[in-house]
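Read through the structure below, which is laid out as structure tokens, and then see the notes.
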Amino acid sequence: MKDQSELRSKKLTLCLNKGEYHFLLDGFQKTTCRNLGEYIRKMVLSKPLKVNVRNQSLDELMGELIKLRIDLNRVADNFEISFRAQGSSDQAVGTRQELSAEHTKMLSLVEQIKDQITQGAKKWLQ
Numbered sequence: 001m002k003d004q005s006e007l008r009s010k011k012l013t014l015c016l017n018k019g020e021y022h023f024l025l026d027g028f029q030k031t032t033c034r035n036l037g038e039y040i041r042k043m044v045l046s047k048p049l050k051v052n053v054r055n056q057s058l059d060e061l062m063g064e065l066i067k068l069r070i071d072l073n074r075v076a077d078n079f080e081i082s083f084r085a086q087g088s089s090d091q092a093v094g095t096r097q098e099l100s101a102e103h104t105k106m107l108s109l110v111e112q113i114k115d116q117i118t119q120g121a122k123k124w125l126q
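Okay, so the sequence shown: first residue is 1 according to the UniProt record's numbering, each after it adds one.
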């Protein structure tokens, strides 16, 4: 239970116009404060604020890499479907072996790319 001295019993009313309010909200959204009251209290009492800084170019890069990962998964799926749909004639056996080698190589490369994207996302989104 909170100590009696920690309870907040005094209220402060503040009137703002729309521009001032939006300015205040923009500042609040860039911080780690959980609510607007906490943000205003820290500003008024000159307490330190933790601000989240995001790099827009890295955000855009992450979006593009995620799209690339989705496209690579589609290519791998289509390749596997065509690989399985291929006939089993004598002429196709040699081609099938070549495709099998290429298929495993492509899948390993796709997995490496997916791992790199996942690692980058984890580092950036911490």
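Note that CB positions come from ideal geometry on N, CA and C, so glycine has one too.
On the three-state DSSP scale, how would you describe Thr118?
When secondary structure is reduced to three states using DSSP, Thr118 falls in the helix class.
Taking Arg41 as part of the alpha helix (DSSP H), name the residues at either end of that continuous run.
It spans 36-44 - the alpha helix (DSSP H) in which Arg41 sits, taken as one unbroken run.
Just to confirm before moving on: does the CB-CB distance between Lys42 and Leu36 stay below 7 Å?
No, the pair does not count as a contact, with Cβ atoms beyond the cut-off.
Between Gly120 and Leu65, how many whole angstroms is the CB-CB distance? I'm expecting something under 8 Å.
Sure, about 7 Å apart at Cβ, within 8 Å.
Taking the alpha-carbon positions, what's the Phe79 to His103 distance?
In a straight line, the C-alpha of Phe79 is about 8 Å away from that of His103.
Three-state secondary structure (DSSP) of Thr104:
Three-state result, Thr104: helix.
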